[in-house]
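So the sequence shown is numbered by this note's numbering: it starts at 520 and just counts up by one. Just so you know, even glycine gets a beta-carbon here, dropped at the ideal spot from N, CA and C. Nothing here was measured: the structure is a model prediction, and the numbers come from that model.
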Amino acid sequence: AGRQRDADYTKLLTDAALSRLVASRPRLEALLLMQCARLTDDGLAALHGCACLRRLNLAMCTGVTERGVAALIDALPALDDLELAGCSRVRLDVPALSAKFERFVELSEDADGLDAVQG
Numbered sequence: 520a521g522r523q524r525d526a527d528y529t530k531l532l533t534d535a536a537l538s539r540l541v542a543s544r545p546r547l548e549a550l551l552l553m554q555c556a557r558l559t560d561d562g563l564a565a566l567h568g569c570a571c572l573r574r575l576n577l578a579m580c581t582g583v584t585e586r587g588v589a590a591l592i593d594a595l596p597a598l599d600d601l602e603l604a605g606c607s608r609v610r611l612d613v614p615a616l617s618a619k620f621e622r623f624v625e626l627s628e629d630a631d632g633l634d635a636v637q638g
């Protein structure tokens with residue numbers, strides 16, 4: 520208990536707020552950030568120090584890009600469950616994504632691109 524934080528209740532979460540959250544909880548194992556449209560790649564960079572993070576839900580976080588997700592994957596070797604449904608700026612052709620999660624990729628059938636990546 521206490522190692523998971525659920526932020527899906529706020530669509531107003533900013534990069535700075537996420538940075539403060541992870542600074543106070545560096546041993547997070549799971550983080551649910553659904554629909555945080557103000558979250559960007561800068562906010563994802565704050566997660567790079569969360570070595571214990573295994574599960575991350577970024578569904579509908581439309582401000583993140585494949586560059587931020589690729590850097591996150593490189594920084595978090597323990598990450599094995601990543602949800603990207605509705606992240607329209609993240610595409611499968613990112614080498615870091617396809618290399619790490621190639622067996623687990625689920626593609627969306629609509630224009631949103633990558634639906635989920637789970638390992």
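A Cβ-Cβ separation of about 13 Å leaves E602 out of contact with L572 under the 8 Å criterion. Taken in chain order, the whole alpha helix (DSSP H) runs of length 4 or more contained in the stretch 546 to 586 are 560 to 564.
G562 has its alpha-carbon roughly 14 Å from the corresponding atom of I592.
Counting along the chain, R544 sits inside no alpha helix (DSSP H), nor does DSSP assign it H or E at all.
Cβ neighbours of H567 within its own chain (closer than 8 Å, five residues either side excluded): A590, L591, A594 and L595. The beta carbon of L598 lies closer than 7 Å to those of L572, R573, L575 and I592 in the same chain, with the five residues before and after it left out.
Here DSSP, grouped into helix, strand and coil, assigns V588 to helix. Short of 7 Å from the beta carbon of R557, and not among the five residues preceding or following it, lie these beta carbons of its own chain, in chain order: L531, L532, T533 and G582. Of the residues assessed, R546 falls on the exposed side of the cut-off, its CB having fewer than 16 other CB atoms within 10 angstroms. For D560, the closest C-alpha among the options V588, C606 and D600 is that of V588.
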